[in-house]
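If you're matching them up, the sequences are chains S and D in order.
Note that this note's numbering gives residue 123 to position 127 of the first sequence, counting from 1, and the numbers run on in steps of one.
Note that this note's numbering gives residue 102 to position 106 of the second sequence, counting from 1, and the numbers run on in steps of one.
Virtual Cβ for every residue (Gly too), placed ideally from N, Cα, C.
In what follows, a single structure is set out as C-alpha cells and then discussed.
Protein chains: 2
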Amino acid sequence: MQGIDVPITAIARRAGVGAATLYRHFPTRASLVTEAFAAQMADCVAALDDALADPDPWRGFCSVIEKVCVMQATDRGFTAAFLSQFPDAVDYERDRTRAERGLAQLVQRAKDTGRLRADFHPADLTLLVLANSGVVGESQQVSLAASRRLTAYLLQSFRTAPTEPLPPPAPLGLQHIHQPQPTH
Amino acid sequence: MQGIDVPITAIARRAGVGAATLYRHFPTRASLVTEAFAAQMADCVAALDDALADPDPWRGFCSVIEKVCVMQATDRGFTAAFLSQFPDAVDYERDRTRAERGLAQLVQRAKDTGRLRADFHPADLTLLVLANSGVVGESQQVSLAASRRLTAYLLQSFRTAPTEPLPPPAPLGLQHIHQPQPTH
C-alpha cells in the first residue's frame, strides 16, 4: 500500500461509527482504504454529473470546482486518495477515464459559452487541486476559509474578461459614421 | 528541532560542496539548518528590497512573488524553512517583522496605483506561498512549470480589471449632450 495515508479516525468519523465498529466491518487496512476511496470517488462523480447536467456550463464548471475544494478542505485524506495511483481499487482506471472525459467535456462547453478563457487547459484542474492541497492543513475552519479564498481568486482568473457577456452587436456599419441622418 | 526538514543533501548542493565538507563546517544539524534558513531569508529580503526600490509598485509586487515562487519550486526545503516557527534562529522575529512591514508597504503602494485590487489582503501572500507549495514536488522542471502557471493565474486575478489603466477622462460634461455644436 503506497501513497495512501487516509487516517483511520477520519474514516470512522465519516462513517459515523467508532474505530472498533469500523475494524469489525473492515478487518484490514486495505479494505478500509478501498472503501474510503470509493466513497470519495462517488462524491466526485456525483459533483461532475451535476455539473454536466447544469444548463449553464460555466456555473457547472464553477460548482464542481467549489464542491471538490470543499471536500478537500474538510477531509484530510482526500488529496492522497484523489491524486494517488491506487492499484488495488479495481474500478479506479475506469472511473478516472470517465472523470477525465466528463471534465474535458465540461471545459469545452464552458469555453463554447465564452465564459471560460480559451487558453484554459484541463491540466489546470489538477493544478487547482494541488494548490488547494497546499492551503489545507490548519483547523478545518482555517482550511475552509483559505480554500474558498484561493478558489474564488482562481475562478476569477479562469473567467474571460470582460466578466459579463456583452449584449448582441448593434446593427451599425461604417455608413452610420459617414452619412449622418438629419436630426429634428 | 520541530517543523524544519531541510534535506542535508539540498544544503550541500546549494553550497556547492560534498556532504563530508558540509559536516566539517557544520557539525550539528542545528547549525546547518540555521545557516540554510539564513540564506533563504537573505534571498527573500533581497527580493523584497528590489521590489520596494522599483519605481513601478505593481511590477515590484509581481517580481517579489515570482522570485519567491521560483525559489520555492527549485528548493524543496524552502517552504518548511519559510513557514515554520524557528526558535533557535535569533534574528528570525526581527527579520519576519521587517518582511511583514515591507510587504504591507508594497501592497499599499500597488493598491495606490490602482493596479492591485482593493480587497487584496497581505494574508493572500501567505495563501499564495502555501498554494505554490502544493504544486511543487514533482521533478524540478514540472514544479517550475506548475508554479509559473499558478503564479500567472493568481497575479491576473490580483490585478484590477480592466487590466490596463485608462487614459485621463476627456473634458466633457452633460452640456455636450444637450447642446450639440453645429457641424461643418
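For Ala142 of chain D, the chain S residues whose C-beta falls within less than 8 Å of its own C-beta are Leu123, Leu126, listed in chain order. Following the DSSP letters along the chain, one finds Leu150 of chain D inside the alpha helix (DSSP H) bounded by residues 136 to 154.
In terms of Cβ geometry, Ala42 of chain S and Ser59 of chain S do not form a close pair [threshold 7 Å]. Using a C-beta cut-off of 8 Å, the stretch 127 to 140 of chain D makes contact with the stretch 116 to 130 of chain S, since at least three inter-stretch Cβ pairs fall below that distance. Sequence-distant Cβ neighbours of Leu102 of chain D in its own chain, meaning closer than 8 Å and more than five residues away, are Leu44, Ala47, Leu48, Pro53, Gly56, Phe57, Val60. Assignment of Leu168 of chain D by DSSP, reduced to helix, strand and coil, places it in the coil class. For a Cβ distance threshold of 7 Å, residue set Gly130 of chain D lies close to Ser129 of chain S, ordered along the chain.
When D:Ala34, D:Ser139, D:Ala100, D:Arg97 are compared, the shortest CA-CA separation from Thr70 of chain D is found for D:Ser139. Closest in C-alpha terms to Ala38 of chain D, from the list D:Arg92, D:Arg25, D:Ala8, comes D:Arg92. CA-to-CA, the gap between Arg113 of chain S and Asp50 of chain S works out to about 19 Å. For Gln152 of chain S, the neighbours in chain D by C-beta distance under 8 Å run, in chain order, Ser153. Membership of His117 of chain S in any alpha helix (DSSP H) is not indicated, and neither H nor E is assigned to it by DSSP. Residue-level contact by beta carbon holds for Leu146 of chain D and chain S, with a gap shorter than 7 Å. Contacts with chain S at 7 Å (Cβ-Cβ) do not include Tyr19 of chain D.
Scanning its chain for C-beta atoms nearer than 6 Å, with the 5 sequence neighbours on each side dropped, one finds around Ala142 of chain D the residues Val131, in chain order. The alpha-carbon of Ala106 of chain D is positioned some 27 Å away from that of Ala35 of chain D. The beta carbons of Leu146 of chain D and Leu146 of chain S sit no closer together than 7 Å.
Just measuring C-alpha positions, the residue of D:Gly98, D:Arg20, D:Gln137 sitting nearest Pro118 of chain D is D:Gly98.
Under DSSP, Leu112 of chain S forms a beta bridge with S:Arg155. By the criterion of a C-beta distance shorter than 7 Å, Thr5 of chain D is surrounded in its chain by Ala15, once the five residues flanking it on both sides are discounted.
Taken through DSSP and simplified to helix, strand or coil, Thr122 of chain D comes out as helix. Under the three-state reduction of DSSP, Thr24 of chain S is assigned to coil, being neither helix nor strand.
The C-beta of Leu151 of chain D has 16 or more other C-beta atoms within 10 Å across all chains shown, which makes the residue buried. Between Ser153 of chain S and Ser27 of chain D, the gap from beta carbon to beta carbon reaches 7 Å or more.
By the Cβ neighbour-count rule, Arg25 of chain D is exposed, with fewer than 16 other Cβ atoms within 10 Å of its own. Shown here for Thr109 of chain D: same chain residues with a beta carbon closer than 7 Å to its own, the five before and five after excluded, namely Pro53, Trp54 in chain order.
Distance from the CA atom of Phe33 of chain S to the CA atom of Arg94 of chain D, rounded to whole angstroms, is 45 Å. With a contact defined as Cβ atoms closer than 8 Å, Val64 of chain D and Cys40 of chain D qualify at about 6 Å.
Note on geometry: alpha-carbon atoms of Tyr149 of chain D and Glu89 of chain S lie some 30 Å from one another.
One Cα belongs to Glu31 of chain D, the other to Phe116 of chain S, and the distance between them is close to 41 Å. Counting the other CB atoms within 10 Å of its CB gives Leu121 of chain S a total of 16 or more, which places it among the buried residues.
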